[in-house]
Amino acid sequence: MTFMDDTDVHRFSLIDKSVWVAGHTGMVGSALVRRLEREKCTVLTEGHSSLDLTRQADTENWMKSRRPQVIFIAAARVGGIVANARYPADFLYINAMIAFNIMKTAADVGVEKLLWLGSSCVYPKFAEQPIKETALLSGRLEATNEAYGIAKIAGIKLAEAYMQQHGKHFLSVMPTNLYGPGDNFDLETAHVLPALIRKMHEAKVSGRSSIVLWGTGTPMREFLHVDDMADACVHLMKCYNEQDIVNIGSGDEISIRDLAALVAKVVGYQGHVVCDASKPDGTPRKLVDASKLRALGWRPSTRFIDGVRDVYISWQRSGYSTRAANG
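According to my numbering, the sequence shown holds residues 10 to 336 in order.
Here's what the structure looks like:
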């Protein structure tokens with residue numbers, strides 16, 4: 010006799026399903042493709058050059074012809090403080106249109122399940138730490154990434170609306186700061202970790218005695234390896250069916266100053282780090298409460314220093330590519 014608990018009864022199977030990873034060339038999308046290789050499913054992909062997800066007709070035509078049964082929306086315009094400040098219209102429009110076009114068509118063609126990749130940027134700048142999912146819309150966003158955060162919130166609310174109005178299983182997850190293979194090392198658009206790796210590597214090679222770090226170095230940040238994030242997304246796709254959002258995080262945090270010291274150790278840079286306090290710090294602290302995800306039976310497996318070392322090695326092997334990881 011076989012016994013099943015509640016999680017078995019409600020478990021969603023990916024076996025023999027047609028699974029579309031929107032944004033498969035980016036850091037997040039490529040991690041999802043790697044993770045789905047371990048599932049008995051057919052992975053669908055389409056490059057940006059042949060499918061513009063900001064165009065509703067193009068998105069509809071492609072989805073109606075390919076008929077995905079499951080969708081992971083990893084496509085996004087992403088970047089750090091500099092890019093967000095310089096291109097707010099792009100960050101708001103592109104990310105919102107991706108959500109609206111895919112979700113509307115997914116509902117029309119009968120997609121069985123969809124997962125929207127949000128971001129911890131959706132939470133208020135001064136949210137109580139660690140940040141619970143209930144903090145959403147409880148205060149003002151951090152100004153330096155407000156446009157991106159608003160677009161991601163629009164996606165969250167649209168997913169909730171489709172579940173409420175039409176009973177669609179559209180989930181939203183809020184990953185913390187991600188890093189890993191395929192990260193963006195362009196200093197204009199990169200997030201803090203790859204930017205530090207590149208700055209310190211170039212300073213080491215050129216023999217510079219110091220590098221400049223934006224801000225005071227005191228903000229606290231949480232980091233999660235992108236392969237752990239992808240594993241968590243697949244786990245949630247299989248076992249989670251509620252409309253409430255779910256945080257995905259490592260549970261560990263580090264100051265930007267200590268992060269710089271860790272990167273220097275990995276890179277082998279022995280110079281000084283000078284903090285430019287005239288530049289913005291961003292959110293003072295951002296640690297997500299991942300207790301809901303832990304209760305669903307998932308934990309990360311990558312040790313931070315090991316993950317950073319792997320990223321540095323893979324970036325060197327790639328020929329110091331600075332390509333953007335925008336999917």
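All C-beta atoms in this analysis are idealised placements derived from N, C-alpha and C, irrespective of residue type, glycine included.
Worksheet item: Secondary structure at Trp-337, three-state DSSP: helix, strand or coil?
Response: Only positions 10 to 336 of the chain appear in this structure, which leaves residue 337 out of reach.
Worksheet item: Where does Asn-335 fall in DSSP's three states?
Response: Locating residue 335 in the sequence shown gives position 326, counting from the first residue. Note on Asn-335: pLDDT 40, under 50, position unreliable in the model; the coordinate value appears next. In the structure shown, Asn-335 sits in coil (DSSP, three-state: anything other than H, G, I, E or B).
Worksheet item: Starting from Ile-265 and walking both ways along the alpha helix (DSSP H), at which residues does that stretch end?
Response: In the sequence shown, the residue the question calls residue 265 occupies position 256. Element bounds for Ile-265: 265 to 276.
Worksheet item: Taking contact to mean at least 3 C-beta pairs separated by less than 8 angstroms, is the region 234 to 241 in contact with the region 206 to 224?
Response: no
Worksheet entry | Three-state secondary structure assigned by DSSP to Ser-181 | Residue 181 sits at position 172 when you count from the first residue of the sequence shown. Ser-181: strand per DSSP, three-state reduction.
Discussion item. Can you list, in chain order, the residues of its chain with a C-beta nearer than 8 angstroms to that of Ser-22? Leave out the 5 residues immediately preceding and following it.
Written reply: The sequence position of residue 22 within the sequence shown is 13, counting from 1. Around Ser-22: Lys-247.
Item to complete: On a CA-only basis, which of Leu-145, Asn-154 and Leu-53 is nearest Arg-86? Give me that one, please.
Response: In the sequence shown, counting from the first residue as 1, residue 86 sits at position 77. Looking at the Cα atoms, Asn-154 is the closest of the given residues.
Worksheet entry | His-244: first and last residue of the uninterrupted alpha helix (DSSP H) it sits in | Position 235 of the sequence shown, counted from the first residue, corresponds to residue 244. It spans 235 to 248 - the alpha helix (DSSP H) in which His-244 sits, taken as one unbroken run.
Worksheet item: Is Gly-189 buried or exposed, if buried means 16 or more other CB atoms sit within 10 Å of its CB?
Response: Taking the sequence shown and counting its residues from 1, the one referred to as residue 189 is at position 180. Buried, since its Cβ has 16 or more Cβ neighbours within 10 Å.
Worksheet item: For Thr-311, which residues does DSSP report across the bridge?
Response: Reading the sequence shown from its first residue, position 302 is the one you call residue 311. Thr-311 is not bridged to any residue.
Item to complete: Mind the definition here: the region 91 to 104 touches the region 186 to 200 only if three or more C-beta pairs lie below 8 angstroms; say whether that holds.
Response: yes
Worksheet item: With burial defined as no fewer than 16 other Cβ atoms inside 10 Å of the residue's Cβ, what is the status of Lys-49: buried or exposed?
Response: For this step, residue 49 is matched to residue 40 along the sequence shown. Answer is exposed; the Cβ neighbour count stays below 16.
Worksheet item: Would you call Gly-191 buried or exposed, if buried means 16 or more other Cβ atoms sit within 10 Å of its Cβ?
Response: Position 182 of the sequence shown, counted from the start, is the residue given in the question as residue 191. Buried, by the Cβ-count rule.
Discussion item. Taking the beta strand (DSSP E) that Thr-114 belongs to, which residues open and close that run?
Written reply: Reading the sequence shown from its first residue, position 105 is the one you call residue 114. Counting along the chain, Thr-114 falls outside any beta strand (DSSP E), though it belongs to the alpha helix (DSSP H) covering 97 to 118.
Worksheet item: Just reading off the alpha helix (DSSP H) that Ile-159 is part of, what are its end residues?
Response: As a working note, residue 159 is residue 150 in the sequence shown. Here the alpha helix (DSSP H) through Ile-159 covers 155 to 175.
Fill in: Endpoints, beta strand (DSSP E) assigned at His-210
Position 201 of the sequence shown, counted from the start, is the residue given in the question as residue 210. First-last for His-210: 201 to 215, but that is the alpha helix (DSSP H), not the beta strand (DSSP E).
Worksheet item: Does DSSP classify Ile-254 as helix, strand or coil?
Response: The count along the sequence shown starts at 1 and reaches residue 254 at position 245. If DSSP states are grouped into helix, strand and coil, Ile-254 belongs with coil.
Worksheet entry | 8 angstroms contact criterion, which Leu-126 and Val-52 should meet: CB distance rounded | Your numbering for residue 126 matches position 117 in the sequence shown. Your numbering for residue 52 matches position 43 in the sequence shown. With 8 angstroms as the limit, Leu-126 and Val-52 do not qualify as a contact, their Cβ atoms being about 16 angstroms apart.
Worksheet item: Which same chain residues, not among the five before or five after Pro-293, have their C-beta less than 6 angstroms away from its C-beta?
Response: For this step, residue 293 is matched to residue 284 along the sequence shown. So the list reads Pro-228, once near-sequence residues are dropped.
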